[in-house]
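One structure is given below, encoded as structure tokens.
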């Protein structure tokens, strides 16, 4: 997931040719309804295209999860994560099949859906991009009692 900070607010975004397309669920000044490639108008998604000079920050957000004291990659954090109360963990260590009851996905990857309540911590990894690259990678630990609130705020 990519995000941009524009006028003090965080927006999900896409980047194309150094132009940043901000997305919002609310109609805001300068934002227009999204028209997809097939010409369909989406009255619940609003967009605004700005140059990278108009934003205060741009970063890509990824996550890891600590489960039973071990750090795992996560996959596909979205609305379904809150709806189902689960997080998909990934591992390339096939020993996790026997030690943590993971399922083999292919020759080199195994996975497991874990209830959010079983997660020891969620690690937010904010990797700054474009002209903000010099800020590097910033990690933040989200403790178990705050994971649901963090995800609600992230996914709104």
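Numbering (full-length UniProt numbering), first residue to last: 1 to 156. All C-beta atoms, glycine included, are put in the ideal place defined by N, C-alpha and C.
Per-residue DSSP class, three states only, for residue i
i: residue 129; result: coil
i: residue 134; result: helix
i: residue 54; result: helix
i: residue 84; result: helix
i: residue 14; result: strand
i: residue 94; result: coil
i: residue 38; result: coil
i: residue 27; result: coil
i: residue 118; result: helix
Own chain, CB closer than 6 Å to residue i, minus 5 neighbours either side, in chain order
i: residue 135; result: 128
i: residue 70; result: none
i: residue 82; result: 151
i: residue 43; result: 33
i: residue 18; result: 52
Candidates the options: closest to residue i by CA position
i: residue 24; options: 78, 116, 126, 46; result: 46
i: residue 114; options: 8, 32, 77, 56; result: 77
i: residue 137; options: 26, 125, 145; result: 125
i: residue 50; options: 16, 93, 101; result: 16
i: residue 67; options: 153, 105, 118; result: 118
i: residue 60; options: 141, 10, 111, 145; result: 10
i: residue 139; options: 65, 84, 36; result: 65
i: residue 28; options: 85, 144, 7, 86; result: 7
i: residue 145; options: 98, 26, 116; result: 116
i: residue 148; options: 40, 26, 52, 85; result: 85
i: residue 52; options: 72, 120, 133; result: 133
N-terminal and C-terminal residue of the beta strand (DSSP E) that residue i is part of
i: residue 111; result: 110–115
i: residue 5; result: 2–6
i: residue 72; result: 70–75
Residue i, enclosing alpha helix (DSSP H) - first and last residue
i: residue 152; result: 147–155
Rounded distance between the beta-carbons of residue j and residue i, thought under 8 Å
i: residue 20; j: residue 56; result: Contact flag wrong, Cβ pair sits at about 11 Å.
i: residue 111; j: residue 130; result: That belief does not hold up - the Cβ atoms of residue 111 and residue 130 are roughly 32 Å apart, past 8 Å.
i: residue 154; j: residue 79; result: No, residue 154 and residue 79 are not in contact; Cβ-Cβ is about 10 Å, not under 8 Å.
i: residue 31; j: residue 48; result: 5 Å
Contact set for residue i: own chain, Cβ-Cβ below 8 Å, skip 5 residues either direction
i: residue 13; result: 2, 3, 4, 20, 21, 22, 23, 58
i: residue 36; result: 42
Own chain partners of residue i with C-beta closer than 7 Å, once the 5 adjacent residues on each side are dropped
i: residue 63; result: 74, 77, 122, 123, 124, 125
i: residue 92; result: 108, 109
Any chain D beta carbon closer than 7 Å to residue i
i: residue 129; result: The structure shown has no chain D; it contains just one protein chain.
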